[in-house]
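Residue numbers (our numbering): 1 to 262.
I have placed the structure first, in the form of structure tokens, so that the comments after it can refer back to it.
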Amino acid sequence: MSKVVGFYDSGIGGLPYLDWLKKHTAGCSFRYLAESRHFPFGTKTEPEIKSIVIESIGRFIESEHPDLIVIACNTASVTALASLRQKYPIPFVGVVPAIKPAVAISKKKAIGLFATNKTVSQLYTQNLINTFASGCSVSKFAMPEIVAFVEKNIFTATEDEIERIITPAADFFKEKGVDTVILGCTHFVYLEDTFKKVLGRSISVIDSREGVGDRAIALLEKIQDHADDAKGDLFFVTSIEKMPGNYKGISSRYGLAFGGEI
Ligand code: DGL
Numbered sequence: 001m002s003k004v005v006g007f008y009d010s011g012i013g014g015l016p017y018l019d020w021l022k023k024h025t026a027g028c029s030f031r032y033l034a035e036s037r038h039f040p041f042g043t044k045t046e047p048e049i050k051s052i053v054i055e056s057i058g059r060f061i062e063s064e065h066p067d068l069i070v071i072a073c074n075t076a077s078v079t080a081l082a083s084l085r086q087k088y089p090i091p092f093v094g095v096v097p098a099i100k101p102a103v104a105i106s107k108k109k110a111i112g113l114f115a116t117n118k119t120v121s122q123l124y125t126q127n128l129i130n131t132f133a134s135g136c137s138v139s140k141f142a143m144p145e146i147v148a149f150v151e152k153n154i155f156t157a158t159e160d161e162i163e164r165i166i167t168p169a170a171d172f173f174k175e176k177g178v179d180t181v182i183l184g185c186t187h188f189v190y191l192e193d194t195f196k197k198v199l200g201r202s203i204s205v206i207d208s209r210e211g212v213g214d215r216a217i218a219l220l221e222k223i224q225d226h227a228d229d230a231k232g233d234l235f236f237v238t239s240i241e242k243m244p245g246n247y248k249g250i251s252s253r254y255g256l257a258f259g260g261e262i
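Following this line, the structure appears as structure tokens:
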């Protein structure tokens with residue numbers, strides 16, 4: 001008996017989120033869909049992102065029949081989550097910037113948001129800030145090169161290369177005097193350790209893994225077990241031809257077999 005949990009991102013960003021849930025739950029099988037055909041999302045327009053996400057999630061549901069889908073991408077969540085919920089009658093958990101937890105731990109009430117261009121400029125994000133961070137300063141930083149770097153090079157890059165790519169972001173947040181930085185792009189979770197090192201001990205770095213995982217677990221508890229489809233944990237792409245990185249190697253690090261195209 002099992003439940004099938006789907007994860008979706010423009011690329012590999014959702015894998016650390018899947019990993020968290022896998023370690024904190026039992027009796028689930030996992031299906032991951034990387035939107036390799038349209039990577040990256042962060043520099044696209046709202047209508048583009050919406051139509052890509054709605055189309056791919058439709059195929060994902062048809063092919064894998066997930067009981068729940070985690071949109072493990074801040075950009076897709078702040079842009080398309082409402083449309084997805086309107087269109088498909090299955091539960092979705094969105095990954096959005098951890099504004100509320102950041103405000104709770106920030107002593108200086110000065111927080112940083114490190115995300116994609118789209119996430120920092122989207123109205124959904126501004127509403128989160130207005131709701132949970134009024135009276136707090138929020139400094140936002142986006143740099144598309146970092147998303148592409150993570151997607152293509154994170155498992156082959158040297159520590160020096162990683163430090164070099166994140167230095168402009170770290171300098172920006174230090175200069176703004178923030179004491180808490182939100183990793184508001186799932187790709188940036190891969191940079192967490194180096195980012196913490198470069199920022200220094202006085203700045204906390206947080207993401208949404210725990211909040212998202214807890215929400216997924218609460219929803220999964222309400223879903224009926226059904227017969228296991230015995231396919232195991234699988235990693236799919238929307239285009240094999242357009243895979244930006246070594247997806248077969250990367251997905252196997254997370255215990256997923258490569259399932260091909262959806
Ligand atoms: N991983 C994604 C996010 O959380 C998007 C990266 C991109 O495709 O630009 O925003």
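Think of the CB as a built atom: it goes at the ideal place given N, C-alpha and C, for glycine as much as any other residue.
Just so we're clear, the structure is a prediction, and the values are computed from it rather than from any experiment.
Subject >> Thr-116 beta carbon near the ligand DGL (any heavy atom closer than 6 Å) >> reply: Residue 116 sits at position 116 when you count from the first residue of the sequence shown. Because some heavy atom of the ligand DGL lies under 6 Å away, the Cβ of Thr-116 counts as near it: yes.
Original post:
Going by the CB atoms, is the gap between Lys-100 and Asp-179 shorter than 7 Å?
Top reply: Your numbering for residue 179 matches position 179 in the sequence shown. Your numbering for residue 100 matches position 100 in the sequence shown. Contact flag unset, no.
Subject >> DSSP state of Val-228 mapped onto helix, strand, coil >> reply: Sequence index remark: in the sequence shown, residue 228 carries index 228 (1-based). According to the sequence provided, residue 228 is Asp. The question's Val does not apply to it. DSSP places Asp-228 outside both helix and strand once states are collapsed to three, so it counts as coil.
Original post:
Is the beta carbon of Ile-271 less than 7 Å from the beta carbon of Ser-63?
Top reply: The structure shown has nothing for residue 271, since the chain only spans 1 to 262.
Original post:
Can you find a heavy atom of the ligand DGL that lies under 6 Å from the Cβ of Asn-153?
Top reply: By 1-based counting over the sequence shown, the position of residue 153 is 153. Distance from the C-beta of Asn-153 to the nearest heavy atom of the ligand DGL is not below 6 Å.
Original post:
How far does the beta strand (DSSP E) with Tyr-8 in it reach, from first residue to last?
Top reply: Locating residue 8 in the sequence shown gives position 8, where the first residue counts as 1. Per DSSP, Tyr-8 belongs to the beta strand (DSSP E) from 3 to 9.
**OP:** Just confirm the distance between the C-beta atoms of Gly-42 and Asn-117, as a whole number of angstroms; I'd bet it's less than 8 Å.
**Re:** Here the question's residue 42 lines up with position 42 in the sequence shown. Here the question's residue 117 lines up with position 117 in the sequence shown. Yes, Gly-42 and Asn-117 are in contact; Cβ-Cβ is about 5 Å, under 8 Å.
Original post:
Contact check, Gly-6 vs Phe-60 under 8 Å by CB: the rounded distance?
Top reply: The count along the sequence shown starts at 1 and reaches residue 6 at position 6. The count along the sequence shown starts at 1 and reaches residue 60 at position 60. Right, their Cβ atoms sit about 6 Å apart.
Original post:
If we count the other Cβ atoms within 10 Å of its Cβ and call it buried at 16 or more, is Ser-202 buried or exposed?
Top reply: In the sequence shown, the residue the question calls residue 202 occupies position 202. Answer is exposed; the Cβ neighbour count stays below 16.
Original post:
What three-state label does DSSP hand Arg-215 in the structure shown?
Top reply: Stepping through the sequence shown from its first residue, residue 215 is reached at position 215. Three-state result, Arg-215: helix.
Subject >> C-beta contact flag for Gly-213 and Leu-234 at 7 Å >> reply: Position 213 of the sequence shown, counted from the first residue, corresponds to residue 213. Position 234 of the sequence shown, counted from the first residue, corresponds to residue 234. Taking C-beta atoms as the reference points, Gly-213 and Leu-234 fail to come closer than 7 Å.
**OP:** Report the three-state DSSP secondary structure of Ser-139 (helix, strand or coil).
**Re:** Taking the sequence shown and counting its residues from 1, the one referred to as residue 139 is at position 139. Residue state for Ser-139 is assigned as strand, using DSSP reduced to three classes.
Original post:
By DSSP, does Tyr-247 sit in helix, in strand, or in coil?
Top reply: As a first step, residue 247 must be located in the sequence shown, where it is residue number 247. In this structure, Tyr-247 counts as helix in the three-state DSSP scheme.
Subject >> CA-to-CA distance, Ala-169 to Val-181, given in whole angstroms >> reply: Start at 1 with the first residue of the sequence shown, and residue 181 comes out as number 181. Start at 1 with the first residue of the sequence shown, and residue 169 comes out as number 169. The alpha-carbon separation between Val-181 and Ala-169 amounts to approximately 10 Å.
Original post:
For the ligand DGL, any of its heavy atoms closer than 6 Å to the Cβ of Val-147?
Top reply: Translated into the one-based positions of the sequence shown, residue 147 becomes position 147. True, at least one ligand heavy atom lies under 6 Å from that Cβ.
Subject >> Coil, strand or helix - Phe-39 by DSSP >> reply: Position 39 of the sequence shown, counted from the first residue, corresponds to residue 39. Per DSSP, reduced to three states, the secondary structure at Phe-39 is coil, with no helix or strand assignment.
**OP:** Mind checking which residues open and close the alpha helix (DSSP H) that includes Ile-129?
**Re:** As a first step, residue 129 is located in the sequence shown; it is residue number 129 there, counting from the start. Here the alpha helix (DSSP H) through Ile-129 covers 123 to 132.
**OP:** Tell me, please, whether the region 153 to 164 touches the region 184 to 194 by the rule of three or more beta-carbon pairs shorter than 8 Å.
**Re:** Segments in contact, yes.
Original post:
What's the gap between the Cα of Val-96 and the Cα of Lys-196?
Top reply: Translated into positions along the sequence shown, residue 96 becomes position 96. Translated into positions along the sequence shown, residue 196 becomes position 196. Roughly 21 Å between the two C-alpha positions.
Original post:
Expressed to the nearest angstrom, what Euclidean distance is found between the alpha-carbon atoms of Asp-225 and Ala-76?
Top reply: Residue numbering aside, residue 225 sits at position 225 when the sequence shown is read from its first letter. Residue numbering aside, residue 76 sits at position 76 when the sequence shown is read from its first letter. A direct Cα-to-Cα measurement between Asp-225 and Ala-76 gives close to 28 Å.
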